[in-house]
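Protein sequences appear in the order of chains A and B.
Going by the working numbering, 66 is the number at position 66 of the first sequence; the sequence numbering is gapless.
Each number in the working numbering corresponds to the 1-based position in the second sequence with 1000 added.
We put the beta carbon where it would ideally sit given N, CA and C, even for glycine.
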Amino acid sequence: MSEDFSPNPKKWLAIGVVGLTISFVGFFVDTQLAVWSYLIGLIFITSIAVGMLFLVMIHHIFDAEWSVIVRRQAEHYISALPYMGFLFIPLFIITYMGKDQGILWLWMNQDAPLHGHGTVSTDILYQKKTWWLSETFFWARAFFCFAVWTYFARAFRKNSFTQDQDGSPNHTFSSRKHAAAGLILVALTWTSAAFDWIMGLEYHWFSTMFGVWIFASAMRAALSVMLLTCAFLVAKGPLKGILNTKHLHDVATLAFAFTVFWAYISFSQYFLIWNANIPEETFWFNDREKGIWWPISMILIFGYFLFPFLYMLQFPLKTNFKSMTFMATWVLGLNLLDVFFNVLPSLKDSHGEPFQLFSSFHNIIWYISGVAGAGGVLLWAYWSSFLKTKIIPIRDPRIRDCLNHNH
Amino acid sequence: MGSSNPILDEVKPAILKEVDPVDIPRPALVENNRSFSWITDKICGIVEEKTPTWWWVCFIIACAGASFTVMGLVYLVATGTGVWGLANPANWGWAIVNFVFWIGIGHAGTLISAILCLLRQKWRTSINRAAEAMTIFAVVCAGIFPVFHVGRVWMAWFLFPIPNANAIWPNFRSALLWDVFAVSTYGTVSVLFWYVGLIPDLASVRDRAKNKIRQVLYGIFAMGWRGSNRQWSNYEMCYLLLAGLSTPLVLSVHTIVSFDFAISLLPGWHTTIFPPYFVAGAIFSGFGMVLTLMLPLRAIYRLEDLITQYHIDCMTKIILATGTMVGYAYGMEFFIAAYGANDFEIFAFVNRAFGNYAWAYWIMISCNVISPQFFWFKKIRENTALVWIITIFVNIGMWFERFVIAVTTLTRDFVPSSWGYYSPTIIDIFTYLGTFGLFSVLFLLFLRFLPLMAMAEIKVVTPQADPHNH
Chain A
1 MSEDFSPNPK KWLAIGVVGL TISFVGFFVD TQLAVWSYLI GLIFITSIAV
51 GMLFLVMIHH IFDAEWSVIV RRQAEHYISA LPYMGFLFIP LFIITYMGKD
101 QGILWLWMNQ DAPLHGHGTV STDILYQKKT WWLSETFFWA RAFFCFAVWT
151 YFARAFRKNS FTQDQDGSPN HTFSSRKHAA AGLILVALTW TSAAFDWIMG
201 LEYHWFSTMF GVWIFASAMR AALSVMLLTC AFLVAKGPLK GILNTKHLHD
251 VATLAFAFTV FWAYISFSQY FLIWNANIPE ETFWFNDREK GIWWPISMIL
301 IFGYFLFPFL YMLQFPLKTN FKSMTFMATW VLGLNLLDVF FNVLPSLKDS
351 HGEPFQLFSS FHNIIWYISG VAGAGGVLLW AYWSSFLKTK IIPIRDPRIR
401 DCLNHNH
Chain B
1001 MGSSNPILDE VKPAILKEVD PVDIPRPALV ENNRSFSWIT DKICGIVEEK
1051 TPTWWWVCFI IACAGASFTV MGLVYLVATG TGVWGLANPA NWGWAIVNFV
1101 FWIGIGHAGT LISAILCLLR QKWRTSINRA AEAMTIFAVV CAGIFPVFHV
1151 GRVWMAWFLF PIPNANAIWP NFRSALLWDV FAVSTYGTVS VLFWYVGLIP
1201 DLASVRDRAK NKIRQVLYGI FAMGWRGSNR QWSNYEMCYL LLAGLSTPLV
1251 LSVHTIVSFD FAISLLPGWH TTIFPPYFVA GAIFSGFGMV LTLMLPLRAI
1301 YRLEDLITQY HIDCMTKIIL ATGTMVGYAY GMEFFIAAYG ANDFEIFAFV
1351 NRAFGNYAWA YWIMISCNVI SPQFFWFKKI RENTALVWII TIFVNIGMWF
1401 ERFVIAVTTL TRDFVPSSWG YYSPTIIDIF TYLGTFGLFS VLFLLFLRFL
1451 PLMAMAEIKV VTPQADPHNH
């Protein structure tokens, strides 16, 4: 590691704390939007961490060699998963123990009025869904999700970091076994999280594809963060002379593949609902065509799919740190917009119309604080872990192949 | 940032001195340190040897089998589609089931060639040729069913948007028409991909030919291949481009096949997860069929050094992974049916699992979700006989999946008075079983006349091809 590079995790913790504090203030000033923004930030940052967990598992299950040094960075990011669990506690307090139970997930408030047809408790759809939409069960599921993710994150980190010390091949074997089981369990828990945290915001709506969609979304977010991390660490020195353009090209190609995959999943979901044209499904997309959500959906099609697709088709751009830094920033920004697109229109104004992104200028304060709070914690966790370990897994069985990567 | 190649302008970082990898060697892709000439002799030998007796026995049986399809189709054309067991509301029966079954089988070949090529999975080299051949033959078998389901088969060309005297255009909003485009594109690109891969190996067979006719015929198909540097570099680029083109096709074909069902409004069919779920199922069944074919060939031709235990491990693990994904999709369908709280949807799924066709549903679950779980165990993966038996279950299970989807929904439509029990006729059964004969005839001819494995590609992944250990 170069001498003059000394990251300061506390700086990021400070940003996180400031973000959380502003969100906390927002809770008293602009309660509903502050809580929704907080949820958006939390989902966005958690999806990055879960995506990183998927990357680690995919690496192990394929016994890949090119990604060994990249995997080490993902191992730092997944250390944030338990903290994300802690950041869910305020939502637990507000919705489970507080008075404003329906503030986020409307179904949690039995007395919440539904536009045009009674209250939640008299809603036939709610009555038929109570077996799943139960608050205790909901929070038990959330707890279970974080328990699973934390368990696997710890297992992979422990195996990898211990191997740096003792050089035992058993850690690799253990990680492979964990990856096989983890892929199944994390896929299921991440699906359940998507159903609960996002789909459940509009509990009338349902789509079997939603779990696959959130997987694609998490992978795109994580790969963008990975590209930024790689470019940053090469520029600042720690990975200079270690991570070369071939590695960058591979991460970028993976990001390209998931660009297409995301488009495939999102298109299929939209197309099948649009084509069938059943009101009980289409209303979700109809809400997302109202007001500002219409131009945003166009931005998602052209900016979040088409532009990155055409951009990353090009070999010279995929092998250039600067151009990939731009693209990763772009994709990450639009990934956040996609989370907004999926979450925020489920919040309804007093007329039952979807909430508009910029209904008031100061909304943006809560948006930023929501993302900064969780994001600061993520980067704090990353840098804290980064400082404690070797920059690359020096005893990994495939490390030499990875360093000589020249396909 | 800045520099595009940090390695050149940087002294080696200190951490690199500490690098000391643990030794977990990768399994060899060609065992027993076989030489290049051994590989050529082995693969070309299969084409050059005198036709073995077992081949003739199999070929005659396969021809006899295929004749059932021929007779079934002749009878159908002469009489009408009524000879199949289709009856309102079950207007789709075995024909669509068989079509989707064979198209699904046809996915492994291009997946192995294209996607695994892009993923740099070198083990694909031993199996890609045979899998691609299988793909093409499966598409041929698949095509029979929709074409003959048209009834007046001489009018099947109306499916293409060809301007004609009556100005009749196909319905562009029908997924069945998209199938025409998707499947014909897929078939064309698969043949092209397969043929491009064959060229260097055809040249090898040509160069070893002992008689003039053989030399000329293989020579024509080898297109004057001389193995020059320039030819190889063009070839590699062409192959990579075809791999890139084929990759979306692998996904698109079965996506569109899934649309045949999913764009309808029927409970059990209209669900958003269908596209990736069908693709996963197709890869699952395709790999099942690859192993079903390759394991006996491996034993007959003593190919253990080329199709190693590692290859079998990889394929069984893909079957395990895709089988589990299919299981995930089954789970999601049920979950959303319950969560969506639509009575018709709930009924469709309860009916699947506990209704008239519950037997088919549970065959499907046992074969597709439970049977691949045995591949978690190394002992089972190493027992070729058991692996082969499980792949047979996979094939059976995937046929039943399509049967369950098509038939349970159709026989329980929105008008209970029209509910019934769909059964195939003897013509259905023979026409379908005959396609296995047709498939086998084509595959046996392939074995006899074309190199079974991509020799040139296998040589690249041998240890000898990489003397400096890069």
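Distance between beta carbons of residue j and residue i, contact taken as under 8 Å
i	j	result
L334(A)	Y304(A)	4 Å
A221(A)	F210(A)	Not really, about 16 Å apart at Cβ, beyond 8 Å.
V1394(B)	I1312(B)	About 14 Å; that fails the 8 Å criterion.
S997(B)	G1281(B)	Nothing about residue 997(B) can be reported from this structure: the residues present for chain B run from 1001 to 1470 only.
F1377(B)	G1323(B)	About 14 Å; that fails the 8 Å criterion.
H60(A)	K246(A)	Not really, about 21 Å apart at Cβ, beyond 8 Å.
Y1503(B)	L1249(B)	The structure shown does not extend to residue 1503(B), since chain B spans only 1001 to 1470, so no value can be given for it.
A74(A)	M226(A)	7 Å
Spatially closest choice to residue i from the options, by CA coordinates
i	options	result
W105(A)	A153(A), P345(A), I45(A)	P345(A)
F138(A)	I184(A), V186(A), D196(A)	D196(A)
V343(A)	D63(A), M84(A), W205(A)	W205(A)
V1326(B)	N1032(B), V1279(B), K1317(B), Y1339(B)	V1279(B)
E1018(B)	G116(A), R288(A), I392(A)	I392(A)
I22(A)	N404(A), A263(A), A374(A)	A374(A)
W36(A)	G182(A), R141(A), I365(A), K390(A)	I365(A)
I299(A)	L272(A), T162(A), F341(A), A231(A)	F341(A)
I1030(B)	A1066(B), T1040(B), L1291(B), T1247(B)	Strictly speaking, residue 1030(B) in this sequence is Val, with Ile absent from that position. For the residues A1066(B), T1040(B), L1291(B), T1247(B), the minimum Cα distance to V1030(B) belongs to T1040(B).
S224(A)	A328(A), V148(A), G98(A)	A328(A)
W380(A)	E280(A), G237(A), S79(A)	S79(A)
N419(A)	G1286(B), L1266(B), F1287(B), F1274(B)	Since the displayed chain A opens at 1 and closes at 407, residue 419(A) lies outside it and no answer follows.
F1287(B)	R1412(B), I1392(B), A1299(B)	I1392(B)
V1350(B)	Y1330(B), S1366(B), C1367(B), N1368(B)	Y1330(B)
M1455(B)	A1203(B), N1164(B), A1078(B), I1060(B)	A1203(B)
V1047(B)	A1209(B), V1257(B), R1226(B), F1400(B)	A1209(B)
L87(A)	K388(A), A372(A), D401(A)	A372(A)
L53(A)	W284(A), I124(A), M219(A)	M219(A)
K1012(B)	P113(A), I242(A), K290(A)	I242(A)
I58(A)	L91(A), A180(A), F146(A)	A180(A)
L91(A)	R400(A), G370(A), G376(A)	G370(A)
V1441(B)	G1045(B), L1016(B), G1065(B), V1139(B)	G1065(B)
In DSSP terms, what residue i is bridged to
i	result
A1087(B)	A1090(B)
P113(A)	T119(A)
P1163(B)	Answer is none; P1163(B) lacks a bridge partner.
K348(A)	P354(A)
8 Å Cβ cutoff, residue i in contact with chain B
i	result
F258(A)	no
Y264(A)	yes
V377(A)	no
R395(A)	yes
F206(A)	yes
S360(A)	no
T172(A)	yes
S268(A)	yes
A255(A)	no
L403(A)	yes
N275(A)	yes
I36(A)	Residue identity check: residue 36(A) is Trp in the sequence provided, not Ile. Not an interface residue.
Residue i at chain A interface by Cβ criterion, 8 Å
i	result
I1007(B)	Note on I1007(B): pLDDT 49, under 50, position unreliable in the model; no value is reported.
L1251(B)	yes
I1429(B)	no
G1340(B)	yes
H1254(B)	no
T1409(B)	no
E1382(B)	no
I1273(B)	yes
T1425(B)	no
Y1310(B)	no
Sequence ranges, alpha helix (DSSP H) only - wholly within the stretch 242-321 of chain A, length at least 4: Runs of the alpha helix (DSSP H) inside the stretch 242-321 of chain A: 245-276, 279-287, 293-299, 307-312, 315-318.
Check distances from the C-beta atoms of the stretch 83-113 of chain A to those of chain C and list, in chain order, the residues that come in under 8 Å. No chain C appears in the structure shown, which is made up of the protein chains A and B.
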